[in-house]
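Quick note: the sequence shown uses this note's numbering, first residue -7, plus one each step.
Where a beta carbon is used, it is the ideal one built from N, C-alpha and C, also for glycine.
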Amino acid sequence: MRFPRPGRPVARPLRLAVAATLAAGLLLTACGSDDDPAPGAAGTGTGTAEKPVAGGSVTYAIDTEPTCFDIHVSPQDITAAIQRNVFDSLVAEDESGKFHPWLASSWETSPDLKSYTFKLRQDVTFTDGTRFDAAAVKANFDHIKAPTTKSRYAASLLGSYTGTDVVDEFTARVNFAQPFAPFLQAASTAYLGFYSPKTLTADADKLCGGGPVAVGTGPFTFTSYTKGQSIVLTKNPAYSWAPATAKHTGAAYLDTLTIRILKENSTRIGSLTSGQIDVAGAVPPANVAAVEANGRLQVLRRDAAGSPYSLYLNTTLAPFTDERVRVAFQRGLNIDQDVKTVYFGQYKRSWSPLTAVTPSYDKSLENSWPYDPAKANQLLDEAGWTGRDADGYRTRDGRRLTVAWPIIPATVREQRDVLGQAFQEDLKKIGIELTRPSLDAGTYLKEAYAGKYAVLDFSWARFEPDVLRLFFHSASALAGGGQNAAFVKDPEVDTWTTTGAGTFDEKVRDDVYGRTQQRVVKIGAVVPVYTPSSILAAGKHVHGIAFDTNAWPLFYDAWRDRK
């Protein structure tokens, strides 16, 4: 990772990671052509020698429906992936980790890393006609941090935010109480995108519902939403402020992007092969080979940066208050075999709470904690769980060794429910009963975030190792917008992650984030499982789909060669 010296004007983008770090995650694409991405651009999904054609529409099917469309509130990947087409950011990040101008034409970092001053473009307008300016930056960041917003993720991306100074109409200074190196990366995400100030004043309570009320500056407008069926985005004809990472300027090529909600894998793939849709997201690993063999289709993919899909073990709830039980749980899962079986070798098994394409990933963790049921049984014996009941589960003092891992059926993706069944079988062999109570989203947020369950699971897309602070710092409480689902309270982890967030020095960051990864795995606070990969299938008539650093598809440069 390379950063500018603190205090110097940023004439060129910051470099956060070596390009080779991400090379393994780049999507598969046709060989070189006139449609290949320019240097610094996010990887494109299609190659063609033809000139892009403006007009027409593309229908894209997804497998998960957002529970809330408000980018300032929702922590869901799917929310940000959809709304990235509607909302712009101050800066853009390319696949090598460089930052490029977007709504900000330049920026400067204070020597103490406690403030960032942005010079804004002066030609940007929201789709309701409101001008984008420094006051809009302040209104949005203040809104994110306001307790009444109840942000479940975006607020954490602003760290110790203390306010935004409107230096002049087109200059905004964003301030923090502590040094905050990860801010530029956070500022490149859709979660810190910008609503029209008019919307925040009049309709903030309606933003979760999506639709035309979601007014941004992006290349598409949110035209309509039919729950359980579809989302329609329409080209913003006035758009002329694309980021430097894009392949063209001006309005998007597509007139309309229709996003259909097709949760059943077979329905989504069948709709693609029959021509009812143009692009299918979340291609099941079992279907990848068949799609690749279809001469009319193409497969696009990219591994996600950030936190892999992982299980977080509640260190404050029995029986996981005992480190031996947590480590036994961790070692009792046959992750290699289960991931390979469920995902047909399409997803990589993970060893660290960072994916391998994320800066500061600690490669030394690979193969350091293999499947070891003998060790798991030894640890459980040492912890006093030596009895067995009629069903073969371990007992102690007449109580069965049971841990609960809740599931929200409506949001299950990537066959994680099937993977959970495999884990249940693995743990039964060492005498642990793993239950899967079914919850609605509201109950999950209330009870799981209150620490009432032993296991929680999720992945988190972000091209920045600061996700470790989000997941393991003691101040990053679930109830406050953090994601410390293991409820870790470790002074050294707090120190390491705070140090990493306060410096641009890549050697220091690699050291403290490496120590953090090793510690949380060693104490059994987390069980990394697999690296999510964004796998899309598209008709070969669709071109120019790109992926951002979160592995979310981008449709600004997309076009089709038939209408």
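- In the structure shown, His135 falls within a helical segment according to DSSP collapsed to helix, strand and coil.
- When the Cα atoms are used, Arg391 and Ala375 turn out to be separated by approximately 14 Å.
- For Asn167, the enclosing beta strand (DSSP E) begins and ends at Thr163 to Phe168.
- Contact check for Glu57 against Ile253 passes: the beta carbons are separated by less than 9 Å.
- In the DSSP assignment, Val317 falls within the unbroken alpha helix (DSSP H) covering Glu315 to Arg323.
- Counting C-beta pairs with one atom in each stretch, the segment 71 to 79 and the segment 173 to 187 have three or more that are closer than 8 Å, which means they touch.
- Pairing Val349 with Leu325, the inter-Cα distance amounts to about 24 Å.
- Annotated three-state conformation of Phe175 is helix, per DSSP.
- For Asp497, there is no enclosing alpha helix (DSSP H), as DSSP marks it with neither H nor E.
- Excluding five sequence positions before and after Ser152, the CB atoms of its chain that fall closer than 7 Å to its own CB belong to Phe168, Ala169, Gln170 and Phe172, given in chain order.
- Counting along the chain, Ile261 sits inside the alpha helix (DSSP H) bounded by residues Asn257 to Thr265.
- Judged by DSSP secondary structure, Asp157 falls within the beta strand (DSSP E) whose first and last residues are Tyr153 to Asp160.
- Nearest in C-alpha terms to Ile251, of all of His240, Ala272, Asp295 and Pro401, is Ala272.
- Annotation for Ile422: no beta strand (DSSP E) segment contains it, and DSSP assigns it neither H nor E.
- Of the candidates Ile136, Ser66 and Asp104, Asp104 places its Cα closest to the Cα of Phe496.
- Between Thr487 and Glu85, the gap from beta carbon to beta carbon reaches 9 Å or more.
- Here Thr191 is near Val207, since their CB atoms are less than 9 Å apart.
- Residue burial annotation: Pro235 is buried, with at least 16 other C-beta atoms found within 10 angstroms of its C-beta.
- Comparing C-alpha distances from Ala530 to each of Thr387, Ala282 and Trp99 shows the shortest one belongs to Ala282.
- DSSP assignment within the segment 364 to 390 yields the following whole beta strand (DSSP E) runs of 3 residues or more, N-terminal first: 386 to 388.
- Here the alpha carbons of Glu456 and Gly121 stand approximately 34 Å from one another.
- The beta carbon of Gln221 sits closer than 8 Å to the beta carbons of Arg252 and Ile253 from its chain, once the five residues preceding and following it are set aside; these are given in chain order.
- According to DSSP, Gly531 shares a beta bridge with Leu289.
- Within the same chain, and ignoring the five residues on either side of Pro44 in sequence, the residues whose Cβ sits closer than 6 Å to its Cβ are Tyr245 and Trp551.
- Annotation: the continuous beta strand (DSSP E) that includes Trp99 extends over Ala96 to Thr101.
- In the structure shown, the three-state DSSP call for Phe450 is strand.
- Tyr217 carries a strand assignment under DSSP once its states are collapsed to helix, strand and coil.
- Burial check for Pro362: the Cβ neighbour count within 10 Å stays below 16, so the residue is exposed.
- Of the residues Pro300, Ala297, Arg323 and Asn286, the one whose Cα lies closest to the Cα of Ser266 is Asn286.
- Across the structure, Leu411 and Asp328 are spaced so that their CA atoms are roughly 12 Å apart.
- Within the DSSP secondary-structure output, Trp551 pairs in a beta bridge with His535.
- The residues Tyr231, Ser232 and Ala234, in chain order, have a CB closer than 8 Å to that of Gly242 in the same chain once the five nearest residues on each side in sequence are set aside.
- Beta-carbon to beta-carbon, Thr109 and Arg165 are separated by about 5 Å, close enough to satisfy the 8 Å threshold.
- When the beta-carbon positions are compared, Gly298 and Thr237 stay at least 9 Å from each other.
- Taking C-beta atoms under 8 Å as the contact rule, Leu426 and Trp397 qualify, at a distance of about 6 Å.
- Secondary structure note for Ala493: its alpha helix (DSSP H) is the uninterrupted segment Pro483 to Ala493.
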